[in-house]
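When we follow the working numbering, the leftmost residue of the sequence shown carries the number 1, and every step to the right adds one. Think of the CB as a built atom: it goes at the ideal place given N, C-alpha and C, for glycine as much as any other residue. Scroll down for the structure; my scribbles are underneath it.
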Amino acid sequence: KNIENCKLKIENSSDEKFIISTKKPLKCSFCGKCEMRQSEDVLDTWFSSALWPFAILGFPNKTKDLEEFYPTSFLSTAQDILYLWVARMVFSSLEFTGQIPFENVYIHPTVLALTGKRMSKSLGTGVDPSELVEKYGADATRMGIIYQINREQQFFKFDERAVLASRNFINKLWNVYRFVFILNNEQKIKDQEIKFKDITLADKWILSRLNTIIESATEKIKNYQFGEATREIYDFVWHELADWYLEIAKIQILDLRLKENTAAILHNSLFTILKLLHPFIPFVTEQIWQQICSPTNYESKRITNLLIVAEWPKVNKKLIDKKAEKDFEQIKNLVIEIRNWRKEQNVQPKDMVDYQIKKLDKAFIENKEIIEKLGRIKLNISNY
């Protein structure tokens with residue numbers, strides 16, 4: 001609706017008045033004339049947003065801050081303000097500095113309610129992030145949101161269950177840390193260097209998978225595929241490291257020949273995982289990192305060992321071993337088959353049973369003890 005009869009005078013021009021309207025009126029509500037012009041001195045608030053970098057960096061003076069921080073490399077924004085903000089920042093920067101203000105723009109998807117409706121307080125479809133933080137923690141809320149997005153999506157339906165799953169994942173990460181910490185301290189293991197001459201198939205597999213994840217997740221983060229990277233790291237930590245290698249590590253540390261090497265692989269794997277996860281769950285990963293690097297909690301030691309300034313992990317392609325991955329997948333599949341068979345036959349977890357496979361496979365023979373302990377069986381391998 002038109003907002004008329006707003007009798008505001010322009011300074012020093014008593015014969016001119018403002019008419020506030022969402023569209024040009026057919027005639028002036030004061031004098032009835034049709035000769036009107038739109039004010040040239042009114043801009044929307046996004047123009048001031050576009051000038052924000054200049055305001056904080058001291059422009060037009062050639063300040064040190066302006067020289068160091070402008071132009072920048074990256075801007076994150078939403079699709080509905082591309083023209084309102086992004087385009088105006090570009091042409092303002094070109095006009096005043098002759099430079100493009102940023103190299104890359106990341107357009108994140110719009111968050112919708114689970115019903116598909118736009119989040120709105122008035123409609124009752126909004127979610128208060130502070131309530132999620134109170135309920136699940138800041139890291140779980142952060143990871144739960146990122147977990148649900150895809151770079152190609154313009155919208156995504158927010159599901160609180162992803163935040164719950166992220167909280168459970170963080171608990172799992174703490175359990176991995178506790179196991180590694182207790183192992184290193186109780187066994188008095190100090191040497192964290194991996195000795196490759198004592199490496200097992202499970203060791204080769206987890207190191208291969210870890211370096212594959214480093215390579216893949218790093219590439220995804222560089223390409224702004226944050227949700228894809230999060231899901232990939234999540235699956236590796238939970239379904240490969242925790243579900244499989246950690247259980248095998250409990251068996252290997254009973255062997256004096258393998259104990260220290262297994263502990264070293266776990267220690268190095270945990271360090272790498274903390275670095276990979278830090279952008280997504282910064283508080284918990286920093287806390288675990290400090291517990292490992294600075295157990296005495298001296299403030300000076302903590303400051304010099306902050307995870308946030310640690311070097312990003314580099315892939316060691318020599319450790320990516322597709323044959324080891326293939327062989328270990330056979331072991332995994334056999335153990336899963338045995339567990340499914342036990343369930344179908346209602347075999348109690350405490351009961352040991354004989355299990356025979358008619359397949360002579362080197363991987364099965366060399367890892368017979370692992371298969372037996374994970375499957376709770378006495379394995380007989382025959383070649384007929």
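Per-residue burial, residue i [other beta carbons within 10 Å of its own, 16 or more giving buried]
{"i": "M352", "result": "exposed"}
{"i": "L94", "result": "exposed"}
{"i": "M89", "result": "buried"}
{"i": "T230", "result": "buried"}
{"i": "R209", "result": "buried"}
{"i": "L306", "result": "exposed"}
{"i": "L379", "result": "buried"}
{"i": "I265", "result": "buried"}
{"i": "R142", "result": "buried"}
{"i": "A202", "result": "buried"}
{"i": "T285", "result": "buried"}
{"i": "G144", "result": "buried"}
Separation of residue j from residue i, as counted between CA atoms
{"i": "L213", "j": "E228", "result": "Correcting the residue identity first, residue 213 is Ile in this sequence and not Leu. Looking at the two C-alpha atoms, the distance is approximately 12 angstroms."}
{"i": "K23", "j": "L43", "result": "15 angstroms"}
{"i": "E152", "j": "I206", "result": "31 angstroms"}
{"i": "S39", "j": "L123", "result": "36 angstroms"}
{"i": "N150", "j": "F280", "result": "15 angstroms"}
{"i": "I3", "j": "P25", "result": "At I3 the pLDDT is 42, less than 50, meaning the model places this residue with poor confidence; the figure from the coordinates comes in the next sentence. In a straight line, the C-alpha of I3 is about 10 angstroms away from that of P25."}
{"i": "L132", "j": "I371", "result": "42 angstroms"}
{"i": "K368", "j": "F328", "result": "12 angstroms"}
{"i": "S120", "j": "A113", "result": "9 angstroms"}
{"i": "S130", "j": "R118", "result": "19 angstroms"}
{"i": "E35", "j": "K62", "result": "45 angstroms"}
{"i": "Q21", "j": "A78", "result": "For the record, residue 21 in the displayed sequence is Ser; it is not Gln. One C-alpha to the other measures close to 28 angstroms."}
{"i": "K9", "j": "F18", "result": "The predicted position of K9 is uncertain, since its pLDDT is 39 and thus under 50; a value taken from the coordinates is nonetheless stated next. Approximately 7 angstroms, taken between the alpha carbons."}
{"i": "K323", "j": "L66", "result": "53 angstroms"}
{"i": "E325", "j": "Q345", "result": "30 angstroms"}
{"i": "L82", "j": "W46", "result": "11 angstroms"}
{"i": "F91", "j": "S73", "result": "16 angstroms"}
Integer-rounded CB distance, given that residue j should sit under 8 angstroms from residue i
{"i": "A263", "j": "N184", "result": "6 angstroms"}
{"i": "P71", "j": "I107", "result": "Contact flag wrong, Cβ pair sits at about 19 angstroms."}
Limits of the beta strand (DSSP E) - the one that residue i falls within
{"i": "D354", "result": "V353 to I357"}
{"i": "L246", "result": "Taken as a continuous stretch (DSSP letters only), L246 belongs to no beta strand (DSSP E), being part of the alpha helix (DSSP H) at L246 to Q252."}
{"i": "T77", "result": "F74 to A78"}
{"i": "F156", "result": "F155 to K157"}
First and last residue of the uninterrupted alpha helix (DSSP H) at residue i
{"i": "L319", "result": "L319 -> no alpha helix (DSSP H), and no H or E assigned at all."}
{"i": "K373", "result": "K368 to G375"}
{"i": "F47", "result": "T45 to A50"}
{"i": "N268", "result": "K259 to L277"}
{"i": "N185", "result": "E160 to E186"}
{"i": "T110", "result": "Segment T110 to L112 is the beta strand (DSSP E) holding T110; no alpha helix (DSSP H) there."}
{"i": "S208", "result": "L201 to K222"}
{"i": "A138", "result": "A138 to Y147"}
{"i": "K64", "result": "K64 to F69"}
{"i": "F96", "result": "R88 to F96"}
Sub-8 angstroms separation of residue i and residue j beta-carbons
{"i": "D198", "j": "L258", "result": "yes"}
{"i": "L51", "j": "F69", "result": "no"}
{"i": "I381", "j": "I365", "result": "yes"}
{"i": "G375", "j": "I331", "result": "no"}
{"i": "L277", "j": "I233", "result": "yes"}
{"i": "V237", "j": "L173", "result": "yes"}
{"i": "I251", "j": "K373", "result": "yes"}
{"i": "V111", "j": "F156", "result": "yes"}
{"i": "F179", "j": "L75", "result": "no"}
{"i": "Y136", "j": "V163", "result": "yes"}
Proximity test, Cβ basis, 8 angstroms: residue i and chain B
{"i": "L246", "result": "Chain labels in this structure do not include chain B; a single protein chain is all it has."}
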